Amino acid sequence: MYFERMGNMCYYTEAIICLMENFVCLVKCQSKDYLIEAMGYHLLKRAGQFSSKIPGIRPREPHELPKLLIIIGGRNIKTINGVEYFDFRTKLWHKAVNFQKGFCNSGVTVLEGKIYAVGGCNLTEAPLRTMHVYDVSADHWSACTGMKIKRMNFGVVTLDDCIYAVWSYIIGGRDQKTIYSSAEVYNPKTCKWTIIPPMNVARSFFTVAVLNGRIYVIGGFAGKDKLPLSSVECYNPETGQWIFVADLNIRRQTASAGVLKGILYVVGGAVAITNVLKSVEVFDPNTNIWTFIEEMPGPRHHAGVVCLNEELYVVGGSDGTVDLRSICVYNPKKRAWIIYPTYMSIGRSQGGVIAVDIPHNYI
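If you count the sequence shown from 1, position 15 lands on 15 in full-length UniProt numbering, and the numbers rise without skipping.
Okay, structure coming up:
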């Protein structure tokens, strides 16, 4: 950690190399080369300038920590305040501490090991501006700085240690909804939200994902012709610009998205309330092309997606008739879907789904 801080202060490669060579004068000759390699890796890896000079030496790949899959809130006839988590080691669901009030259609993301639940709607379907953080190790909820404007049916992602929220329905209740194209970003260091440039198309019920340092907003509903959208927009935080990429093959709203090995997956969704989809499309940013892959075993929309262990986990959702309790898993190598034989305590759609490292005090 000491060397990492020093690397942030060094602006020239020559200065870093000089620092390393002078430091290792205190080390026995046979150890010097290996120490230089280790220091060079940690100091230069961010700039992409490190290359080993010792044959056969390469950086050690850290083992992935065990994960918990957590689902927060959602809907089953009415909004839910319950929190459940799935242990990948035992393939079992467990209950965690409930949120104070029921909510759904919120955005959920992870930042610095903690879960942030942003916005959404309450029992009366009134949009919220609130943001709450869940400390997994303490099993405790606390409030933090809310958004500038109330919102529901929107997207939330973490990128570059900040939380991005892309606006959707933000005003009124069931009969007074307005769709907006704006977005904002939360900086945890300043505890402030800042408005960023709006999307090209005002949309709701879209899905959102991060791929190669860009935010993708996919499909949704614009409210104009009562049909879902097939358009996809990409936001570059470095330029502050939204650009269109290739359209989906079919229109989708209330779909779900995830990223595996540089490929963007979009699963399910709906064309209408009575027409829920089981089809899946993948997007390759190198070719700017969407391609259909194997369909899910059954239709789902308003589901949550987590990408983990080189697999895609589709959690809960609705088939258009009932809210689902199951996890549907896709393995790209096998090109096959399975449904885990273990279920949540209740069916949930519109819940927030996220994966986190198992806390040190978890038994």
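Using N, Cα and C, we set each Cβ at its ideal position, and we do this for glycine too. If you're wondering where the values come from, they're calculated on a predicted model, not measured in any experiment.
Requested in this report: Run the CB neighbour count on residue 76, radius 10 Å, all protein chains shown included, and call it buried at 16 or more, exposed below.
Outcome: buried
Query raised in the report: In three-state terms, what does DSSP make of residue 226?
Result: coil
**Report entry** Local conformation of residue 132 per DSSP, three classes
**Finding:** strand
Query raised in the report: How about residue 314 and residue 328: do their beta carbons lie closer than 9 Å?
Result: yes
Query raised in the report: Buried or exposed: residue 195, going by 16 or more other Cβ atoms within 10 Å of its Cβ?
Result: exposed
Requested in this report: Report all residues from its chain with a CB closer than 8 Å to the CB of residue 310; omit the five preceding and five following residues, and keep chain order.
Outcome: 260, 261, 331, 332, 333
Query - Residue environment, residue 281, which counts as buried when at least 16 other CB atoms sit within 10 Å - result: buried
Report task. Return the CA-CA distance between residue 155 and residue 107, expressed in angstroms with no decimal places. Result -> 6 Å
Requested in this report: Could you tell me the distance, in whole angstroms, from the CA atom of residue 297 to the CA atom of residue 189?
Outcome: 43 Å
Query raised in the report: Counting only beta-carbon atoms, is residue 253 nearer than 9 Å to chain B?
Result: Among the chains of the structure shown, chain B does not appear; only one protein chain is present.
Query raised in the report: Nearest CA to the CA of residue 235: which residue from 157, 289, 161, 134?
Result: 157
Query raised in the report: Would you report the Cα separation of residue 88 and residue 338, rounded to the nearest angstrom?
Result: 15 Å
**Report entry** Selected residue, minimal CA-CA separation from residue 283, among 277, 295, 265, 274
**Finding:** 265
Query raised in the report: Alpha carbon to alpha carbon, what distance is there between residue 288 and residue 73?
Result: 35 Å
Query raised in the report: To which residues of the same chain is residue 299 closer than 7 Å at the C-beta, ignoring the five residues directly before and after it?
Result: 268, 276, 277, 278, 319, 320
Requested in this report: Starting from the Cα of residue 352, find the closest Cα among 271, 250, 132, 243 and give me that residue.
Outcome: 132
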